[in-house]
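Some notes on the structure that comes next.
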Amino acid sequence: MHQAKEIKFGTDGWRAIIAETYTFQNLKVVSQAVADFLGPGKSAVVGYDTRFMSAEFARISAEVLAANRIKVILSDRPIPTPCLSFAVKHKKSDLGVMITASHNPASYNGFKIKNAKGGAAALELTKKVESLLGKSTPKTLGPKESEIKKEDLTKIYIRFIRSYIDFKKIKNKKFRLLVDVMHGSGNSFFAQILKGSSVKIEFMRSEINPSFGGTRPEPVEENLRILKERVKREKFDLGIALDGDADRIAA
43 MHQAKEIKFG TDGWRAIIAE TYTFQNLKVV SQAVADFLGP GKSAVVGYDT
93 RFMSAEFARI SAEVLAANRI KVILSDRPIP TPCLSFAVKH KKSDLGVMIT
143 ASHNPASYNG FKIKNAKGGA AALELTKKVE SLLGKSTPKT LGPKESEIKK
193 EDLTKIYIRF IRSYIDFKKI KNKKFRLLVD VMHGSGNSFF AQILKGSSVK
243 IEFMRSEINP SFGGTRPEPV EENLRILKER VKREKFDLGI ALDGDADRIA
293 A
């Protein structure tokens, strides 16, 4: 058993400060509660963003789920939260876990739960998981990792998004787009989605930086000043900004 009173779920899951409440041990407790909620034989997809140690946190969560005989697909790279949601539904998984703190400061990380349709977990689901926190000791996977399958989840998502674009209409458009990725997990998606078109894309803050350059990765007015200035000065047709896990957008 593990004391779980310091772990508090909010909307969409759990967020906390790294190394204070967001620790490997607490992550194992939360992952075990999700495993107890699902039960053996179920399936889950686990993704993560570009935050500090998100890849390691995702691996730990996947290992706990797999140790409970849950079939796990683990993303092999940082992905946007919508990509994780799409993968859950596309692969007909029972649940999704996204390691992210979205637009919160760099000192935070989080644990988002997605339902079988890829949507945000309902309050009843998160309350049930919260009620299971600390009820059983987190299981460890051991040397065998047969229940974890690493996959590139981006290809099916990009293909899906591209299916909604009329490339014939934009084929010859000399359109210039500036994208502020805010050091998040949406860093290369626009280029891949618009590949083959005549749209000229330039990126700002596209390199992975777990400190997010000292700002919150949130596309709100105070963080859009540089983007707006560049759009005007360099005569871009459109400027777009994404948050840390690319599930929020501003234009």
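Residue numbering for the sequence shown follows my numbering, starting at 43 and increasing by one per position. We put the CB at the ideal spot given by N, CA and C, even for glycine.
Residue range of the beta strand (DSSP E) that includes residue i
i: ASN229; result: Premise fails: ASN229 is in no beta strand (DSSP E) and is neither H nor E.
i: ILE203; result: Note, ILE203: premise wrong, no beta strand (DSSP E); alpha helix (DSSP H) at 196-204.
i: MET246; result: 242-246
From the options, residue whose alpha carbon lies closest to that of residue i
i: THR182; options: PRO252, ILE250, ALA109 and GLU172; result: ALA109
i: LEU116; options: VAL221, PHE202 and LEU195; result: LEU195
i: VAL114; options: LEU269, ILE190 and ASN265; result: ILE190
DSSP state of residue i mapped onto helix, strand, coil
i: SER149; result: coil
i: ASP222; result: strand
i: PHE79; result: helix
i: ILE190; result: strand
i: ARG272; result: helix
i: LYS113; result: strand
i: ALA143; result: coil
i: ARG57; result: strand
i: LYS211; result: helix
i: ARG93; result: coil
i: LYS70; result: helix
i: ALA283; result: strand
Close-in-space but distant-in-sequence residues of the same chain around residue i (CB under 7 angstroms, 5 per side omitted)
i: LEU174; result: ALA75, ASP78 and PHE79
i: THR92; result: PRO120, HIS225, GLY226, SER227, ILE250 and PRO252
i: SER239; result: PHE209, ILE212 and LYS213
i: LYS216; result: SER240
i: HIS132; result: ILE198
Residue range of the unbroken alpha helix (DSSP H) whose run includes residue i
i: SER85; result: Not the alpha helix (DSSP H): SER85 falls in the beta strand (DSSP E), residues 85-90.
i: GLU48; result: Counting along the chain, GLU48 falls outside any alpha helix (DSSP H), and DSSP gives it neither H nor E.
i: LEU167; result: 165-173
i: GLY121; result: Just to set this straight, residue 121 is Ile in the shown sequence, not Gly. Looking at the DSSP string, ILE121 is not in any alpha helix (DSSP H), and its letter there is neither H nor E.
Cut-off 8 angstroms between Cβ atoms - residues of its own chain near residue i, not counting five sequence neighbours on either side
i: MET43; result: Reliability fails at MET43, whose pLDDT of 49 lies under 50, so the model's placement of it is uncertain and no value is given.
i: ARG272; result: LEU220, MET246, PHE278 and GLY281
6 angstroms CB neighbourhood of residue i in its chain, flanking five on each side removed
i: ALA158; result: ASP136
i: PHE278; result: ARG218 and LEU220
i: GLU105; result: LEU183
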